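J.: One structure follows; several queries about it will come next.
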Amino acid sequence: MDDSEADHLLIQDALGTLNVPVRSQHFMQVNPFLAAMDRGEITQDAVITDLNMPGPSGFDLLQAIRSRHAGQPLPILIFSTSPAAADRARAAALDVAGYFVKPVSYDGLVEQLQDMVDLILRCKQQGQRGSVPLLPVPVSTPVLPEPLH
Numbered sequence: 006m007d008d009s010e011a012d013h014l015l016i017q018d019a020l021g022t023l024n025v026p027v028r029s030q031h032f033m034q035v036n037p038f039l040a041a042m043d044r045g046e047i048t049q050d051a052v053i054t055d056l057n058m059p060g061p062s063g064f065d066l067l068q069a070i071r072s073r074h075a076g077q078p079l080p081i082l083i084f085s086t087s088p089a090a091a092d093r094a095r096a097a098a099l100d101v102a103g104y105f106v107k108p109v110s111y112d113g114l115v116e117q118l119q120d121m122v123d124l125i126l127r128c129k130q131q132g133q134r135g136s137v138p139l140l141p142v143p144v145s146t147p148v149l150p151e152p153l154h
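In structure tokens:
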């Protein structure tokens, strides 16, 4: 889930370079995703979401999924430009499997996506949502610039 079509296209391209079968579906807003999920129109092994979006945020999405699908072993990963400790702590409280800050380079993106896929596979093998590997993120962590619209 990301409101940026440019970010989605970059992610799709980077996923294509990985040697793992990954099928993804992109939603730009929380409510259409939740409606499709509630209707059973999508199946997912994991959810990767940004935090800062217009309308309901990634935190709103996390809360909705956790309340609607309590106990379901669905790993949710945050992929955000925010390295803020408060955002990381709030995400941890909502039982995310991982928190990743968007990198500055394409190679960094490929590496992070591989880490995400590996984490999702571990969570699925263990039948868990995952436990939050909240590694410290330095304040100077680079982030992708906002795409041009």
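Residues 6 to 154 (the working numbering) are what the sequence shown spells out, left to right.
All C-beta atoms, glycine included, are put in the ideal place defined by N, C-alpha and C.
Bear in mind the structure is a predicted one, so any value in this text is a computation, not a measurement.
Less than 8 Å between the beta carbons of glycine 60 and valine 35, yes or no?
T.: Yes, the pair counts as a contact, with Cβ atoms nearer than the cut-off.
J.: Indicate the three-state DSSP secondary structure (helix, strand or coil) for isoleucine 125 in the structure shown.
T.: helix
J.: Give me the Cα-Cα distance between alanine 90 and aspartate 43, rounded to the nearest whole angstrom.
T.: 32 Å
J.: Among Ala98, Gly103, Pro78, which residue has its Cα nearest to the Cα of serine 85?
T.: Gly103
J.: When we look at the beta-carbon of arginine 93 and count the other beta-carbons within 10 Å, is it buried (16 or more) or exposed?
T.: In summary, arginine 93 is buried, with 16 or more beta-carbon neighbours lying within 10 Å of its beta-carbon over all protein chains present.
J.: When the Cα atoms are used, what is the spatial distance from glutamine 119 to leucine 23?
T.: 7 Å
J.: So, are the CB atoms of alanine 19 and leucine 99 less than 8 Å apart?
T.: No, these two residues do not count as a Cβ contact at 8 Å.
J.: How would you call aspartate 123, buried or exposed, if buried means at least 16 neighbouring beta carbons within 10 angstroms?
T.: exposed
J.: Along the chain, where does the beta strand (DSSP E) that runs through isoleucine 83 open and close?
T.: 81–85
J.: With 16 other CB atoms within 10 Å as the buried threshold, where does alanine 11 fall?
T.: exposed
J.: Would DSSP call glycine 103 helix, strand or coil?
T.: strand
J.: Which residue from Val27, Ser72, Ile53 puts its Cα closest to that of methionine 33?
T.: Considering only alpha carbons, the answer is Ile53.
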